[in-house]
Amino acid sequence: MLSKVLGAVGVVLLIAGVVFAIRPVMVDGRDCGSVFQPEKGITPMQCDPRLEARGNLVVGLGTSGFALVLTGFAVAAVRDRRTRVPS
């Protein structure tokens with residue numbers, strides 16, 4: 003059960019990271035683009051810190067989601083191995 007919960011939370015964090023990466027950043031009504039595709043040309047100076055903060059958020063969500071998914075697989079593998087090996 004723990005491995006399924008860890009995997010599900012990890013997948014939710016990965017999906018949240020993708021959503022935040024695709025979602026555009028707006029500053030004072032101007033579009034700055036998204037983390038994956040910043041707006042071309044000259045953008046307001048306020049766009050740089052907002053895009054950087056959004057990028058850090060995306061990296062954090064993606065890394066933690068991936069770590070939780072791997073932890074879920076590891077917990078499942080350890081439990082499966084314990085049930086196979088007689089004690």
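Everything in the sequence shown is counted per the working numbering, starting at 3 for the first residue and increasing by one. For each residue, glycine too, the CB sits at the ideal point set by N, CA and C.
Is the beta carbon of residue 16 less than 8 Å from the beta carbon of residue 74?
no
Just to confirm the assignment, what range does the alpha helix (DSSP H) spanning residue 12 have?
4-24
Using the Cα positions of residue 68 and residue 21, report the straight-line distance between them to the nearest angstrom.
15 Å
Using the Cβ count rule (16 or more neighbours within 10 Å means buried), how would you classify residue 31?
exposed
How would you label residue 61, buried or exposed, when you count the other beta carbons within 10 angstroms and need 16 or more for buried?
exposed
Cutoff 7 Å; reference residue 66; Cβ partners in own chain excluding five residues on either side
15
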